[in-house]
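In our numbering, the protein residues as written are 84 to 217. Before any comments, here is the structure.
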C-alpha cells in the first residue's frame with residue numbers, strides 16, 4: 084500500500100511540474116538572418132546584419148532589420164508562431180528595401196521549426212526565413 088501512495092505522489096508531482104516552453108532556450112543566442120525567401124543573405128559580420136534576440140519569458144524580441152533597431156512581441160503555441168506589433172526606428176539607409184522585405188516577411192510567418200542551430204520561420208509549409216544561432 085505504501086508503494087501505491089509513493090507512486091501516486093510521484094505521478095502527481097510530475098503532472099504539476101512546470102513545463103519549459105519550446106522557446107525557453109532561444110534567449111541564449113543572437114539569431115542572425117541567413118536566408119530570406121530561399122535566397123542566402125550576405126553577412127558582413129558587423130552590427131548591420133539583420134538579427135533577432137528573443138526574450139522568451141516576456142514573449143518579446145528585439146534586434147536589427149539591417150538598418151534600424153526593431154522590436155515587438157510574439158506568440159507561440161506548439162509549432163505556430165506569430166510576430167505582432169513590430170516597431171522600428173526610422174533611419175534612412177541605402178538598403179531600406181531589404182529591411183522592409185524582412186519585416187513584411189516576418190509578419191507573414193505562422194509556423195516555426197528548429198533544425199540544428201537554425202530556426203526556420205514558415206508560412207504553412209514554405210520556409211520564408213532562416214535564422215542561425217550565433
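A virtual CB, placed ideally from N, CA and C, is assigned to each residue, including glycine. Since the structure is predicted, the reported quantities are computational estimates derived from the model, not experimental observations.
Is it true that the CB of residue j sits closer than 8 Å to the CB of residue i?
i, j, result
"residue 182", "residue 150", "yes"
"residue 211", "residue 116", "no"
"residue 202", "residue 195", "yes"
"residue 216", "residue 200", "yes"
Could you pull out every residue in the same chain whose Cβ sits closer than 8 Å to the Cβ of residue i, ignoring the five residues on either side in sequence?
i, result
"residue 193", "163, 164, 165, 205, 206, 207"
"residue 104", "139, 159"
If you compare alpha carbons, which of the options is closest to residue i?
i, options, result
"residue 187", "198, 201, 171, 105", "171"
"residue 160", "139, 147, 214, 176", "139"
"residue 185", "109, 105, 123, 104", "123"
"residue 167", "217, 143, 180", "143"
"residue 135", "112, 126, 141", "112"
"residue 114", "105, 125, 141, 145", "145"
"residue 191", "147, 157, 141, 107", "157"
"residue 175", "108, 198, 148, 126", "148"
"residue 120", "215, 209, 216", "209"
"residue 132", "110, 106, 178", "178"
Of all Cβ atoms in chain B, is any one closer than 8 Å to the Cβ of residue i?
i, result
"residue 122", "Note that chain B does not occur in the displayed structure, where there is just one protein chain."
What are the start and end residues of the beta strand (DSSP E) that includes residue i?
i, result
"residue 216", "209 to 216"
"residue 136", "134 to 138"
"residue 156", "152 to 160"
"residue 205", "201 to 206"
"residue 114", "113 to 119"
"residue 104", "Where residue 104 is concerned, there is no enclosing beta strand (DSSP E), given that its DSSP letter is neither H nor E."
Could you check where the alpha helix (DSSP H) with residue i kicks off and where it finishes?
i, result
"residue 184", "179 to 191"
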